[in-house]
Amino acid sequence: MHQHFYAFSARNHFDLGIKIGRQFAAQAYQAIKTAHQHTQWPVHCQIAHAQLTYAQKHFPQYVSELRGYADGAEVSFDDLWTISIEDDAFGPHKPARAKCTTIVTNDGQLIGHSEDHVLGGEDDVCIVQKRIGSHRTLELFYYNTPGGSAIGINSAGYVHAVNTLLFTRKQLGVPKLIQARYLLDSHDPNHDLAKLTQISRTSGFSHLLASPTGQLWHAELTASSAHIANPSSPFCHTNHCLLGSRHSSREIWGTHTRLQFAKQHVANYLTPEHLKKLLLDESLGPDHSLHNERSVAKIVVNTATQTLSIWLRREAAQGWVTYKLPV
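Take 1225 as the starting number for the sequence shown in the numbering used here and just add one per residue.
Okay, structure coming up:
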C-alpha cells in the first residue's frame, strides 16, 4: 500500500469533510496562505462566492462536505471554497492547465490514465478512499478539493476519468470540480449526465465514464455546450475539445501529440502490463510524451480482474502498487 493512502468513513458529507480536513489541515493552511499573497485574491473570492449559490442549489451535499473540511482543518470556509474550485475562481480569461491522457481498451474493461498537473506538483496528489454508508469511492485526490477531478472508481463499479479542456469560456454556474465529484459518485451515468446538461455550469471538463461491463460514456461539458456520446473501445482522449472551441486544433502542452501517440499504440486488446508500459513512455521528450515532466500519477483499472494499479511520482520507488476491487 502507498504511504500516501488515506481512508475515511463517515455518517454524512459534513462528517466526512471534518475527517478529511483534520487529516489535511497543514495542506489547507499552506495553500490558503499562498493564495492570500496573490494580488487578485479579493477578486477570486468574489467570483467564488458568486459560484457558491449555484453549487448550494444543485449539490448542497458537496458544499456541506467542504464546510466540514474547513471546520476540520480550522480554516475559513470562504477561503477553502475559493481554492477548492481552482481556476473557476480566477475569472473568464485565465487558461486552464493542460492535464492528462485517458486510454480505454479491452471492450471498455481496461482503462489507463496518466494524470498531469504542474512541474513539481506531485506532492499535491494522494490516494483517498471515502465511505458514506454503503457508498464508497477510491480515487486519485488533490488536496483542498471536493475530489473527483482526476480518476476514481465507486462501489457500483463505475470508473470516472477527467481531462482538462483548453480555452473554454466561463460564466456563473456550478464549478467544474463539483460536477466532477458528482460524476465520480454516479451509479446512473445517463441520469446524472442529463442533469448536468440542464444546469448552469461555470466551465467544464472532458469526462469518461465506464460501467463494470465496459459501457462507455464520454461527456464534453463546457459553460456553453454539452455533448454526450457512447464511444466504442478503444478510445483515447487528451485535452482537445471535440466541439465548441476555435482553439481545438492548437498544439498546447503536447495535447495532439499525446493523442496521436495514444491512438497509434492502443489496440482492441492490451495486457495490463502493456498499458502500464505505454503510460510510462517518454519517447517524445519531457513535454510531449505520455509520461512527461508534469505527470504526477498513473492508474490502470482492470474491471475484468477487479484490480486497480497506481503509480505515484512521489513514491516512484514503489513502482506500480495493485489494489483489489471493489473499493
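Every residue, glycine too, gets a C-beta built ideally from N, C-alpha and C.
- Per DSSP, the unbroken alpha helix (DSSP H) holding Cys1269 starts and ends at 1265-1282.
- DSSP places Ala1249 in the helix class (H, G or I) of the three-state scheme.
- DSSP places His1461 inside the beta strand (DSSP E), whose first and last residues are 1459-1461.
- Sequence-distant partners of Phe1238 (beyond 5 residues in either direction) whose C-beta falls short of 6 Å from its own C-beta, in its chain, are Ser1288, Gly1292.
- By the Cβ test, the segment 1400-1409 is in contact with the segment 1369-1386, since at least three Cβ pairs between them sit closer than 8 Å.
- Looking only at Thr1263, Thr1361, Gln1227, Cys1269, the smallest Cα-Cα distance to Leu1240 is reached by Thr1361.
- Within the model, the alpha-carbon separation for Ala1252 versus Trp1535 is close to 24 Å.
- With a cut-off of 8 Å on Cβ pairs, the segment 1294-1308 is in contact with the segment 1246-1264, counting three or more such pairs.
- Taking C-beta atoms as the reference points, Cys1324 and Ser1338 count as a pair closer than 8 Å.
- Annotation for Gln1275: Ile1309, Asp1312, Ala1313, Leu1396, Gly1397, Val1398, Pro1399, Thr1426 place their beta carbon closer than 8 Å to its own, counting only its chain and skipping 5 residues before and after.
- Around Glu1539, the same chain offers His1226, Gln1227, His1228 as residues with beta carbons nearer than 7 Å, after the five sequence neighbours per side are excluded.
- When the beta-carbon positions are compared, Ala1272 and Thr1326 stay at least 8 Å from each other.
- According to DSSP, residue pairing for Val1398 in a beta bridge involves Arg1425.
- Under the DSSP definition of a beta bridge, Asn1378 partners with Thr1361.
- Secondary structure at Gln1285: helix, using DSSP grouped into helix, strand and coil.
- Close CB contacts of Ala1491 within its chain, under the 8 Å cut and outside five residues either way in sequence, are with Thr1329, Pro1458 (chain order).
- If you compare the alpha carbons of Tyr1367, Leu1445, Leu1364 with that of Leu1390, the shortest gap goes to Leu1445.
- By the 16-neighbour rule on beta-carbons within 10 angstroms, Asp1412 is exposed.
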